[in-house]
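These notes are about the structure you will find just below.
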Amino acid sequence: MSGVRVLVGTRKGAFILTSDGKRDKWEVSEPLFGGWQFYHLKASPVDPNRIYASQQNDWFGQTMQRSNDGGKTWETVGNKFLYEGVPGTHQWYDGTPHPWEFKRVWHLEPSLTDPDTVYAGVEDAAIFKSTDGGQNWLELSGLRGHNTGSQWAPGAGGLCLHTILLDPKNHSRLYVAISSAGAFRSDDGGKTWKPITRGLHSKYIPDPNAEVGHCVHRIAFHPSKPDTLFMQKHWDVMRSDNAGDLWTKVSGNLVTDFGFVIDVHAHEPETVYIVPIKSDAEHYPLDGKLQVFRSRTGGNEWEPLTKGLPQSNCYVNVLREAMDVDSLDKCGVYFGTTGGQVYLSADAGDSWKTIVHDLPPVISVEVQTL
Amino acid sequence: MVRVELPFHLRKLASLDREVSIDVAGAVTQRAIIDALEARYPMLRGTIRDYSTDKRRPFLRFFACEEDISFLQLDAPLPDAVASGAEPFMIVGALSGG
């Protein structure tokens, strides 16, 4: 392993941070496509120089970028995301039917086996797939066509499909999460989907057995244990040991279990990281202290990690796509904030430092171990 | 040749100077100009008008001959001065402050 490349999406451009394996000294790129929002950038695990990026703004809509040389140069690829058939309606905030309208790409998930295949999670919630390097996109319409689709309603951030997980042991299995429809699993490569929300409880949903309507913020797994899922829900940190068939709450000793990010240590499948946020009404850390919490027991027992993080007057947020890990011997943990900081722990969370502290608000952080 | 002025971000996206001259086949209308622009610069597809509705993006306006022509029919002929290249067809983004 020779180094690390961190792909950072912000409200005003993308940035690439690079370092050698020591992770002491960092180079920060100039803004890429300055002025555009980048919801997500992610590289192919098969070809690390192939990077896909979601570029968007309110004036000019969605465009897509692809690099074949690790981010040195970029080319515009396909941005035609058309829902299959007559789109129909989902539920609006006030409970009325609302037409599905494509707004932006939240998440890109390159295939585990083919650099030209990539999935896109979009708002209004749907999953698209390209098999030609992002030039053309086709909807996997079985998801949106699920018989609950007309009941899906947006969260405050929109009706966004923000998480896509590809099972490395079973290539027919995919997971997605949608705010605030919930979580779904496909066991046939994305043709059909089923809600995986049993065990989730959301106070604002009267029906305790509701299949959809849960505001899932993020799901993560360790590649060696893809049936064990960890979820940061709107409130509640959850865990499933059977591929989402049943969830149990593992918030344990957390003072607040609201938050957005969740991720898993690269070498320890039961070591999990979250960044608790004070509440859904106050999107900043409790008591102005930025704390990552780590559980080495797969949940329930959580320890605050604060060394090197601001412990007073800190009122930033950490958005759902803004945490990732590297796979160096001592696992590196990275996260970005809405205050423009990107933090790194090169010792699995024990201590933290700032790689860069004055970027535009950070939306996404994706790490490549090269 | 029709002259088209693009906003900053679209110029950057297409690696263009402030103004571009394009051939427009047939009647010079908003639709014909954007069709020709997108054909020559495919990276601009979807950035000026929505794919599914063909409507101008809501934060953009079209100007020509010191007039806001955003609300003309897409297929309405544009002024002769635009068709002849004497005046540019301007694509303008809404201002934003903060």
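Listed in order, the protein sequences are those of chains A and B.
Numbering-wise, the first sequence is residues 1 to 370 according to my numbering.
Numbering-wise, the second sequence is residues 1001 to 1098 according to my numbering.
No residue lacks a Cβ here, since even glycine has one placed at the ideal position from N, Cα and C.
In this text the structure is predicted, and so the values were computed from the model without any measurement.
**Request:** Please state whether DSSP places B:F1062 in a helix, a strand or coil.
**Result:** strand
**Prompt:** Between the region 72 to 100 of chain A and chain B, which residues of the former have a C-beta closer than 7 Å to a C-beta of the latter?
**Reply:** T76, N79, K80 and L82
**Request:** Check whether the region 64 to 82 of chain A touches the region 41 to 53 of chain A, counting contact only when three or more Cβ pairs, one atom from each stretch, lie closer than 8 Å.
**Result:** yes
**Asked** Where do the N-terminal and C-terminal ends of the beta strand (DSSP E) with A:I16 fall, by residue?
**Response** G13 to D20
**Item:** Where A:S150 falls: helix, strand or coil (DSSP)
**Value:** helix
**Item:** N- and C-terminal bounds of the beta strand (DSSP E) containing A:A177
**Value:** L174 to S179
**Rounded straight-line distance, which links the Cα of A:N313 to that of A:G134** = 43 Å
**Item:** Environment of A:W100 [buried if 16+ CB atoms lie within 10 Å]
**Value:** buried
**Request:** Check the Cβ of A:D58 against every Cβ in chain B and list those closer than 9 Å, keeping chain order.
**Result:** R1057, P1058, F1059, A1094 and S1096
**Message:** Per the DSSP calculation, A:S130 is bridged to which residue(s)?
**Reply:** A:V118
**Asked** What's the call for B:L1078, buried or exposed, on a 16-neighbour Cβ count within 10 Å?
**Response** buried
**Request:** Decide if B:T1047 is buried, meaning its Cβ has at least 16 other Cβ atoms within 10 Å, or exposed.
**Result:** buried
**Request:** Verify the CB distance criterion: does B:T1047 have a CB-CB separation below 8 Å to chain A?
**Result:** yes
**Request:** Rank A:T18, A:T197 and A:R11 by C-alpha distance to the C-alpha of A:V367 and give the top, closest one.
**Result:** A:T18
**Request:** Using a Cβ-Cβ cut-off of 8 Å, state whether A:Q62 counts as contacting chain B.
**Result:** yes
**Message:** Assuming contact is defined by CB atoms lying nearer than 8 Å, are A:T10 and A:P360 in contact in what I supplied?
**Reply:** yes
**Item:** Which residues DSSP lists as bridging A:E27, in chain order
**Value:** A:T18
**A:Q62 versus B:L1044 - alpha carbon distance** = 10 Å
**Request:** Kindly give me the distance between the Cβ atoms of A:L376 and A:F221, rounded to whole angstroms, as I take these residues to be in contact under 8 Å.
**Result:** Residue numbering for chain A in the displayed model covers 1 to 370; residue 376 of chain A lies beyond these limits and cannot be assessed.
**Any C-beta of chain A under 8 Å from that of B:M1043** = yes
**Asked** Any residues in the region 105 to 131 of chain A with a beta carbon nearer than 8 Å to a beta carbon of chain B? Which ones, in chain order?
**Response** none
**Request:** Anything in the region 133 to 145 of chain A with a Cβ closer than 9 Å to a Cβ of chain B? List those residues in chain order, please.
**Result:** none
**Prompt:** Under a three-way DSSP split, which group does B:H1106 fall into?
**Reply:** Residue 1106 of chain B is absent from the structure shown; chain B starts at 1001 and stops at 1098.
**Item:** Range covered by the alpha helix (DSSP H) that runs through B:A1109
**Value:** Nothing about residue 1109 of chain B can be read from this structure; chain B reaches only from 1001 to 1098.
**Item:** Contact belief for A:E211 with A:T148 at Cβ below 8 Å, rounded distance in angstroms
**Value:** 6 Å
**Request:** Please name the residue, chosen from A:T76, A:V176, A:G145 and A:P87, that lies closest to A:A120 on a Cα-to-Cα basis.
**Result:** A:V176
**Request:** Go to A:D324, then tell me how far its alpha helix (DSSP H) extends in each direction, as first and last residue.
**Result:** No alpha helix (DSSP H) contains A:D324, which is instead part of the beta strand (DSSP E) from M323 to V325.
**Prompt:** Are A:L200 and A:I178 closer than 8 Å when you measure CB to CB?
**Reply:** no
**Item:** Proximal residues of chain B, C-beta to C-beta of A:G35 below 7 Å
**Value:** H1009
**Request:** Taking only beta-carbon positions, decide if B:L1016 is within less than 8 Å of chain A.
**Result:** no
**Asked** Which one of B:D1068, B:I1022, B:C1065 and B:E1038 has the shortest CA to CA distance from B:D1054?
**Response** B:E1038
**Request:** Can you grab the Cα-Cα spacing for the pair A:D257 / A:K233, in whole Å?
**Result:** 9 Å
**Asked** Any beta-carbon of chain A closer than 8 Å to the one on B:S1070?
**Response** no
**Message:** Looking at the strands, I want to know which residues DSSP matches up with A:G155.
**Reply:** A:G158
**Request:** Count the other CB atoms, across all protein chains shown, that sit within 10 Å of the CB of A:K42; report buried if there are 16 or more and exposed otherwise.
**Result:** buried
**Beta-carbon proximity of B:S1068 to B:R1061, cut-off 8 Å** = Looking at the sequence shown, residue 1068 of chain B is not Ser but Asp. Against a cut-off of 8 Å, the Cβ pair of B:R1061 and B:D1068 comes out as a contact.
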